[in-house]
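Only one structure is covered here, and it is reproduced in the block below.
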Amino acid sequence: MNKFVTFEGCDGVGKTAQLEKLKQYCRQFKPDAVFTREPGGSSIAEKIRGVILDAGNDGMTDVCEAFLYAAARAQHLNDIVVPALKAGKTVFCDRYVHSSLAYQGAGRGLGVAWVGRLNELATGGVMPDCTVFFDLPPDKCFERKGGADCSDRIETGGREFHRKIYDGYKEIIAGSPERFEVVDASGTIEEIFEDMLSRLKKRGVL
Ligand code: TYD
Numbered sequence: 370m371n372k373f374v375t376f377e378g379c380d381g382v383g384k385t386a387q388l389e390k391l392k393q394y395c396r397q398f399k400p401d402a403v404f405t406r407e408p409g410g411s412s413i414a415e416k417i418r419g420v421i422l423d424a425g426n427d428g429m430t431d432v433c434e435a436f437l438y439a440a441a442r443a444q445h446l447n448d449i450v451v452p453a454l455k456a457g458k459t460v461f462c463d464r465y466v467h468s469s470l471a472y473q474g475a476g477r478g479l480g481v482a483w484v485g486r487l488n489e490l491a492t493g494g495v496m497p498d499c500t501v502f503f504d505l506p507p508d509k510c511f512e513r514k515g516g517a518d519c520s521d522r523i524e525t526g527g528r529e530f531h532r533k534i535y536d537g538y539k540e541i542i543a544g545s546p547e548r549f550e551v552v553d554a555s556g557t558i559e560e561i562f563e564d565m566l567s568r569l570k571k572r573g574v575l
């Protein structure tokens, strides 16, 4: 069965390493699965990503930022996600609407409901069948990562900003727990991967 699965968590939580392992696993067990990421994932969306993350764009308003993420999402959905789902493939996407709800809605303070409406327009209501949330508070993430990447406008948003994002995720999950698989991301790469794998199997994704 084709599925749309997204992955969420704070910066530095280790999502990239987990998705890399999942990709290797799928080479053997699910070779037609599509791996993609946001913001970006297709050529126009990658250009928008460059504008959003550029640390030189420090005058960007929060509203502009939310619209740019939504614009990149609309393009990426059209170019990559929807065609793959229509072709019967499973799509694994690193970040999606829940990132905007947590980062722009809770973190920037635009409000989860407002950002939700914007994204409803951008996506036409296309939502994932299941979302894996890698659960680790932001101070632990940055500790593990060795600090924020100074060239990234979002990562350098500060401690308070990242704490609001984490709390925002937790509230969003509490609001629709059936959608989420919450994976404890404090263990080793192998432990986290095994937990994620068994959850995806239970959901019928793998
Ligand atoms: P990236 O380097 O891809 O980070 P990560 O590997 O942690 O996913 O940068 C994406 C950044 O954009 C990340 O800090 C999260 C942020 N973001 C939002 O603020 N809103 C969004 O809607 C999305 C998709 C990402």
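Position in the sequence shown (from 1) plus 369 gives the number in the numbering used here. A virtual CB, placed ideally from N, CA and C, is assigned to each residue, including glycine. All figures in this text were calculated on a predicted structure; none of them were measured in a lab.
- Taking 8 Å as the cut-off, does the CB of Y394 come closer than this to any heavy atom belonging to the ligand TYD? Walking along the sequence shown from the start, residue 394 turns up at place 25. No - the ligand TYD has no heavy atom lying nearer than 8 Å to the Cβ of Y394.
- Can I523 and G383 be called in contact, C-beta distance under 9 Å? Sequence index remark: in the sequence shown, residue 523 carries index 154 (1-based). Sequence index remark: in the sequence shown, residue 383 carries index 14 (1-based). The answer is no: Cβ separation not under 9 Å.
- Query: Considering only C-alpha positions, which residue in the set R477, V552, H445 is nearest to R406?
  - Reply: The residue given as residue 406 occupies position 37 in the sequence shown. For R406, the nearest C-alpha among the options comes from H445.
- Task: Would you mind sorting D564 into buried or exposed? The rule is 16 or more other CB atoms within 10 Å of its CB.
- Result: To locate residue 564, count along the sequence shown from 1; it is residue 195. Burial call: buried.
- Message: Quick check: V374 and F461, are their CB atoms within less than 9 Å of each other?
- Response: By 1-based counting over the sequence shown, the position of residue 374 is 5. By 1-based counting over the sequence shown, the position of residue 461 is 92. Yes, Cβ-Cβ distance for V374 and F461 is below 9 Å.
- Message: Just to confirm my understanding: we take V574, look at its own chain, exclude 5 residues before and 5 after, and list those with CB closer than 7 Å. What are they?
- Response: Within the sequence shown, numbered from 1, the residue matching residue 574 stands at position 205. Within the same chain, V574 has close Cβ partners K372, V374, T459, C499.
- Task: For the alpha helix (DSSP H) holding R513, just list the boundary residues, first then last.
- Result: Counted from its first residue, the sequence shown places residue 513 at position 144. Where R513 is concerned, the enclosing alpha helix (DSSP H) stretches over 507 to 514.
- Item | Under the three-state DSSP convention, the category R406 falls into | Reading the sequence shown from its first residue, position 37 is the one you call residue 406. R406: strand per DSSP, three-state reduction.
- Task: Measure the alpha-carbon distance for F404 versus D463 and round it to whole angstroms.
- Result: Within the sequence shown, the letter at position 35 stands for residue 404. Within the sequence shown, the letter at position 94 stands for residue 463. One C-alpha to the other measures close to 8 Å.
- Message: I'd like to know if the stretch 508 to 520 and the stretch 436 to 444 are in contact, where contact means that at least 3 CB-CB pairs between them fall below 8 Å.
- Response: no
- Message: Using CA atoms only, rank isn't needed, just tell me which of V466, A482, G457 is closest to E377.
- Response: As a working note, residue 377 is residue 8 in the sequence shown. Among V466, A482, G457, the Cα nearest to that of E377 belongs to V466.
- Query: Just the Cα atoms here: how many angstroms apart are A414 and V420?
  - Reply: Position 45 of the sequence shown, counted from the start, is the residue given in the question as residue 414. Position 51 of the sequence shown, counted from the start, is the residue given in the question as residue 420. Cα to Cα, A414 sits roughly 10 Å from V420.
- Item | Where the alpha helix (DSSP H) containing C395 begins and where it ends | Counting from 1 along the sequence shown, the entry for residue 395 is found at position 26. Where C395 is concerned, the enclosing alpha helix (DSSP H) stretches over 384 to 398.
- Item | T557, DSSP secondary structure in three states | Residue 557 sits at position 188 when you count from the first residue of the sequence shown. Three-state DSSP puts T557 in coil, outside helix and strand.
- How would you call S545, buried or exposed, if buried means at least 16 neighbouring beta carbons within 10 angstroms? Here residue 545 corresponds to residue number 176 of the sequence shown, with the count starting at 1. Exposed: under 16 other Cβ atoms inside 10 Å.
- Message: Less than 8 Å separating the Cβ of P408 from some heavy atom of the ligand TYD?
- Response: On the sequence shown, residue 408 is found 39 positions in, with the first residue counted as 1. Yes, since a heavy atom of the ligand TYD falls inside the 8 Å radius drawn around the Cβ of P408.
- Does the count of Cβ pairs from the stretch 530 to 542 and the stretch 383 to 403 closer than 8 Å reach three? no
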